[in-house]
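Take the sequence shown: its letter number 31 is residue 31 in UniProt numbering, and every next letter is one higher. Every residue, glycine too, gets a C-beta built ideally from N, C-alpha and C.
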Amino acid sequence: MRQSFTVLVVDDEQAVRMMLEAALRAQGYKIQSAASGSAAREILANDEFDLVLLDLQLGDSDGIEILRELKRDKPATEVILLTAHGSINSAISALRYGAFDYLLKPAQVSDIRERVERALTQRHTNQQRNELLQRISDSARALGMIDGSESDPPPARQNSDRIEVGPLLLDLRRHAANLGNHTLTLTRTEFALLTALAQQPDTALSYSILSEAVYGRAQPEDEARALLRPHIARLRHKLESTNVQGVALVSIRSMGYMLQTD
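Quick look at the structure:
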């Protein structure tokens, strides 16, 4: 299984980069590397990775910003931070943005391999679970087990690549969203949030549940709240700015958020 995993190593210190590459190649992983933040951004724009080993203190970029961009655009990718003693607090804070873990420099090869294997095992488990849930959902839909009765139709209509909730239409294949006659310009995180909410309209979803839908794993409620609130605020603004009636993103006190329908 290791041979199928791809890892991007991002560090501006050549010696560290070469050590990480050698340690992980010896484990059977497919490795690419970047010596700067700009190089990492270019690679990430064109390729998919299961894991990114990311130095927090790059010469040309802020590792935290790269982390935030990566988890926004490719939330399923796991990230392990590399940090010196002076930036431990930053690394711990960065866990709020979705990093899996952090390693202190200089890191022992055994520690590197152990953390990487744990992160990739979690990613593999999340992928298997999501695929299983999708198969169950598809099978139940094919058998008519999740169709509502004629007297009480479900508020959301969904097939494998489209979700409709009132005037809201989500095209999952194209990552496109329309509300009435308005096209919504959404980030990947905002689209993932809206998809999770639209799949269960008129149902309050906790921050932890939404975090799992967006990032592939449930986080403690407080951490998930801090991470998702800015995205939810922007998503709500984009929905409300259309002035289209029929659906609304509402806060449910002490519970989370809900996509409310008429």
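| query | Could you give the distance in angstroms between the alpha-carbon of L53 and the alpha-carbon of L81? | reply | 6 Å
| Which value, in whole angstroms, describes the spacing of the CA atoms of G166 and I209? | 23 Å
| request: Could you give the DSSP three-state label for E173: helix, strand or coil? | output: Residue identity check: residue 173 is Arg in the sequence provided, not Glu. The answer is coil: DSSP assigns R173 none of H, G, I, E or B.
| message | For Y102 and T83, I'd like the C-alpha separation in whole angstroms. | response | 7 Å
| message | Give me, in chain order, the residues of the same chain whose beta-carbon lies closer than 7 Å to that of A213; leave out the 5 immediate sequence neighbours on both sides. | response | A192 and A196
| request: Could you pull out every unbroken alpha helix (DSSP H) segment of at least 4 residues lying fully inside the UniProt domain "Response regulatory" (6-120), listed in chain order? | output: 14-25, 37-46, 63-73 and 88-94
| said: Helix, strand or coil, according to DSSP, for R162 in the structure here? | reply: strand
| task | Quick one: residues in its chain with C-beta nearer than 6 Å to the C-beta of I31, no 5 flanking neighbours on either side, listed in chain order? | result | V7, E21, L24 and R25
| said: Between which two residues does the alpha helix (DSSP H) holding V214 run? | reply: Y207 to Y215
| query | Just how far apart, CA to CA, sit A99 and N181? | reply | 37 Å
| message | Could you compute how far the alpha carbon of R225 sits from the alpha carbon of S251? | response | 12 Å
| query | In three-state terms, what does DSSP make of L186? | reply | coil
| said: For L184, which residues in the same chain have their Cβ closer than 6 Å to its Cβ, ignoring the five residues on either side in sequence? | reply: A177 and K238
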